[in-house]
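Chains A and B are the protein sequences, given in the same order.
Count along the first sequence starting at 1, add 30, and that's the number in my numbering.
Count along the second sequence starting at 1, add 91, and that's the number in my numbering.
Here is the structure we will look at, set down as structure tokens.
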Amino acid sequence: MGFEPVLTKGIGSVDLVDIENYESLGGYQALRKALKQMTPEEVHQEVKDSGLRGRGGAGFPTGVKWGFLPDDGRPRYLCCNADESEPATFNNRLLIEYNPHLLIEGILISAYAIKSTQSFIYLRGEFKRGYDILMRAIEQARAKGYLGKNILGTDFSQEITVHRAAGAYICGEETGLLSSLEGGRGEPRLKPPFPAVSGLYGMPTIVNNVETLANVPPIIERGASWYRTLGTEKSPGTKIYSVSGMVERPGNYELPLGVTMREILELAGGVRNGRKLKAFQPGGASAPILLPEHLDVPLDFESAAEAGSMLGTAGVVVFDETVCLIKTAKYYADFFAHESCGQCTPCREGTAWIKRIIDRFEAGQGTKQDLEILAGLKRTMQGATICLLADAATFFVLSVLEHFPEEFEAHMNGKGCPMDLPVEEVQTA
Amino acid sequence: MSAKATVEWVTKRADEIEKILARYPQKKSAIMPLLYLAQEERGYIADEDLEAIGEIVGVTKAYAESVVSFYSLYHRKPVGKYVITVCSNITCGLFGAADLVKYLEQKLGIKVGETTEDGLITLLTTGECIAACDAAPAIQVNLEYCNSVTPERADAIIAAIREGKTPEQIADEFGGCSLRPTAGFVRKAPAVNESEPKETEQADG
Numbered sequence: 031m032g033f034e035p036v037l038t039k040g041i042g043s044v045d046l047v048d049i050e051n052y053e054s055l056g057g058y059q060a061l062r063k064a065l066k067q068m069t070p071e072e073v074h075q076e077v078k079d080s081g082l083r084g085r086g087g088a089g090f091p092t093g094v095k096w097g098f099l100p101d102d103g104r105p106r107y108l109c110c111n112a113d114e115s116e117p118a119t120f121n122n123r124l125l126i127e128y129n130p131h132l133l134i135e136g137i138l139i140s141a142y143a144i145k146s147t148q149s150f151i152y153l154r155g156e157f158k159r160g161y162d163i164l165m166r167a168i169e170q171a172r173a174k175g176y177l178g179k180n181i182l183g184t185d186f187s188q189e190i191t192v193h194r195a196a197g198a199y200i201c202g203e204e205t206g207l208l209s210s211l212e213g214g215r216g217e218p219r220l221k222p223p224f225p226a227v228s229g230l231y232g233m234p235t236i237v238n239n240v241e242t243l244a245n246v247p248p249i250i251e252r253g254a255s256w257y258r259t260l261g262t263e264k265s266p267g268t269k270i271y272s273v274s275g276m277v278e279r280p281g282n283y284e285l286p287l288g289v290t291m292r293e294i295l296e297l298a299g300g301v302r303n304g305r306k307l308k309a310f311q312p313g314g315a316s317a318p319i320l321l322p323e324h325l326d327v328p329l330d331f332e333s334a335a336e337a338g339s340m341l342g343t344a345g346v347v348v349f350d351e352t353v354c355l356i357k358t359a360k361y362y363a364d365f366f367a368h369e370s371c372g373q374c375t376p377c378r379e380g381t382a383w384i385k386r387i388i389d390r391f392e393a394g395q396g397t398k399q400d401l402e403i404l405a406g407l408k409r410t411m412q413g414a415t416i417c418l419l420a421d422a423a424t425f426f427v428l429s430v431l432e433h434f435p436e437e438f439e440a441h442m443n444g445k446g447c448p449m450d451l452p453v454e455e456v457q458t459a
Numbered sequence: 092m093s094a095k096a097t098v099e100w101v102t103k104r105a106d107e108i109e110k111i112l113a114r115y116p117q118k119k120s121a122i123m124p125l126l127y128l129a130q131e132e133r134g135y136i137a138d139e140d141l142e143a144i145g146e147i148v149g150v151t152k153a154y155a156e157s158v159v160s161f162y163s164l165y166h167r168k169p170v171g172k173y174v175i176t177v178c179s180n181i182t183c184g185l186f187g188a189a190d191l192v193k194y195l196e197q198k199l200g201i202k203v204g205e206t207t208e209d210g211l212i213t214l215l216t217t218g219e220c221i222a223a224c225d226a227a228p229a230i231q232v233n234l235e236y237c238n239s240v241t242p243e244r245a246d247a248i249i250a251a252i253r254e255g256k257t258p259e260q261i262a263d264e265f266g267g268c269s270l271r272p273t274a275g276f277v278r279k280a281p282a283v284n285e286s287e288p289k290e291t292e293q294a295d296g
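Pasting the structure below:
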């Protein structure tokens, strides 16, 4: 017997936006079980035992994160980070638009476990459809007694407020998210204090990603030991890999954590038009590139890191032999320069420098001095700022510089990009 | 007179404003939803809206301005009834977003940032990935998705706009997010063991 999808079960065959359909597949049974048969501590323990790790990029163990909340009687908040905006990532969007009740159920169970006063979904502004769907789903859940006061006749009450963001990548950083949710500019804050101690309105707050929370109902329903049969020992469970770039069949693929790029590529129909793989990013724009020699690296949190990259959001981008990595770097450089919030000098200035330098290379005008500045980014930008945007802005460029120095050299010819090729034909999903 | 009293939507949608405020433990959090409300009513956010919102949530107009300027989805000047935004990040870029922008500019007779003379369509680009990399190049029409936008599909989308279809209807026809089947997937690679990634690392350097 092969793999059974967990988070995407039913999508495509049933309209799970309708609560009745979601219930017919066993939906909201985990909430019932948690509220009626388990204490919040038991739910927390189950999540801890499951080994669930944060799916937003960092891979921090969720149950451990929940354990950082101080027990001091102050109000507590649960924030679902639905500001999915890491380039090349579209797995949260899938869950929000096609399986909203799984997310709502996950939020409610988690809110119960951490004794949250109120929950928030910080939703990417561009997800207009997702907003409408979530708002309807919340009202359906309320009508069924799953949400609101005295849920399922218990003492547990919970409201979920959906907060529409408005287009700022940095709000996906958890403290940027909190600044934004409080009604400000989405500027990240220094840690410590971590949100668990001083988060939303200075109160203990847990921020978890959409996919992380969507894992909670199946964990409660089927148990931590079942969950651990999926994925690897240190990275249990499944992951929705968002595969894009030069592959035949781009899209979301839910697979056990630890599958290899070779397996993903095979499922995705291989490299586009039978061309050769040049490099890939396993985890969105922020992830350093990996090479064909890394095809058999398990794409789980620790293996991707050991190979010199990171699993990140599992936004897998495939570059074939025809892709100019300098041009690719230009898309990312433009993006990071635009999205830097400007608080920290190394990031505000550094992302702009990277952009200007890459622009020069893209025009074939790169210089030796430019190469030296780029090589110094590790020292000038990494670990020098409040949040990780500055680090993220350097990873791709530096990994290209390390693995494909000849590509930079080819862009110092005084002419244009030596790799300019006809634009790829449009993808069909 | 206070801005609250003179800005029309504040009176018109008073009940909704109360509901929005009630959703948050602190009033200031309502700034962003109120900005959306103002934009919905006026099509963009005017200075007097900032003043009114400031009064409602208890911040200065300057503070409200500092917030609105941080986010890219708020318009500070009038836009068309339909706003087309072309994603220009990595995958859409590799799949011809720049050519698509040129095509749309030509077709609509406007440049990026401009609105057609009849006030119907504004053309924008975004450097933020819009999370539709499985269908590049992708665009949004009033934040609803349209996938795999070839020139032919761009023509059809604009025709649908001119026919008066809603962004939702247009996205029902042209949008969606893909999930590929993985049920029954069986791992072919040898079972994961701890030494594998280490070997790779050694091979690396």
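Think of the CB as a built atom: it goes at the ideal place given N, C-alpha and C, for glycine as much as any other residue.
- Residue 271/A carries a strand assignment under DSSP once its states are collapsed to helix, strand and coil.
- Interface criterion not met: the Cβ of residue 144/A is under 9 Å from no Cβ in chain B.
- According to the DSSP secondary-structure assignment, residue 83/A is paired through a beta bridge with 91/A.
- Interface with chain B (9 Å Cβ-Cβ cutoff): residue 285/A is included.
- Using a CB distance cut-off of 9 Å, residue 142/B does not count as an interface residue toward chain A.
- Listed in chain order, the positions of the segment 167-191 of chain B with a beta carbon within less than 7 Å of a beta carbon of chain A are 180, 181, 182, 184, 185, 186, 187 and 190.
- Annotation: residue 303/A is outside any alpha helix (DSSP H) and is labelled neither H nor E by DSSP.
- Considering only beta carbons, the part of the segment 206-229 of chain B lying closer than 8 Å to chain A consists of 217, 218, 219, 220, 221, 222, 223, 224, 225, 226, 227 and 228, in chain order.
- Listed along chain B, the residues sitting closer than 8 Å to residue 282/A by beta-carbon distance are 225, 268, 269, 270 and 271.
- Counting along the chain, residue 213/B sits inside the beta strand (DSSP E) bounded by residues 212-217.
- Below the 7 Å Cβ cutoff, chain B contributes no neighbours of residue 416/A, its closest Cβ being approximately 16 Å away.
- For residue 34/A and residue 274/B, the gap between their C-alpha atoms comes out near 5 Å.
- When Cβ-Cβ separations below 9 Å define contact, residue 115/B makes contact with chain A.
- Look at residue 118/B: its C-beta is under 9 Å from a C-beta on chain A.
- Among the residues of chain A, none has a CB under 7 Å from the CB of residue 257/B; the nearest is roughly 12 Å distant.
- Counting C-beta pairs closer than 8 Å gives three or more between the segment 78-91 of chain A and the segment 256-265 of chain A, which meets the contact rule.
- Close partners of residue 272/A in chain B (Cβ separation under 8 Å): 224 and 225.
- Looking at the backbone, the Cα of residue 239/A and that of residue 85/A are separated by about 6 Å.
- Contact with chain A is found for residue 278/B, since one of that chain's Cβ atoms lies less than 9 Å from the residue's Cβ.
- Residue 356/A and residue 159/B have their C-alpha atoms some 34 Å from each other.
- Apart from the 5 residues on each side of it in sequence, residue 277/A sits with its Cβ closer than 8 Å to the Cβ of 295, 298, 299, 300, 301, 302 and 348 in its chain, given in chain order.
- Here residue 315/A is actually not in contact with residue 430/A; their C-beta atoms are around 13 Å apart, not less than 8 Å.
- Pairing residue 185/B with residue 203/B gives a Cβ-Cβ distance that is not under 9 Å.
- At least one CB of chain A lies nearer than 9 Å to the CB of residue 262/B.
- The CB of residue 114/A comes closer than 7 Å to the CB of 222 in chain B, given here in chain order.
- Assignment of residue 182/B by DSSP, reduced to helix, strand and coil, places it in the helix class.
- Going by C-alpha positions, residue 236/B is about 26 Å away from residue 285/A.
- No residue range can be given for residue 324/A, since it is assigned to no alpha helix (DSSP H) and is classified by DSSP as neither H nor E.
- For residue 122/B, the chain A residues whose Cβ falls inside 7 Å of its Cβ are 213, in order along the chain.
- Between residue 141/A and residue 58/A, the C-beta spacing is not below 9 Å.
- One finds 158 and 159 in chain A with Cβ atoms closer than 9 Å to the Cβ of residue 235/B, taken in chain order.
- Between residue 434/A and chain B, the shortest Cβ-Cβ separation is not below 9 Å.
- With a threshold of 16 other beta carbon atoms within 10 Å, residue 220/A falls short and is exposed.
- Under the 9 Å criterion on CB atoms, residue 164/B is classed as interfacial with respect to chain A.
- Put simply, of 280/A, 225/A, 211/A and 268/A the residue whose alpha carbon is nearest the alpha carbon of residue 237/A is 225/A.
- Contact annotation, residue 230/B with residue 175/B: C-beta distance approximately 6 Å; criterion of less than 8 Å satisfied.
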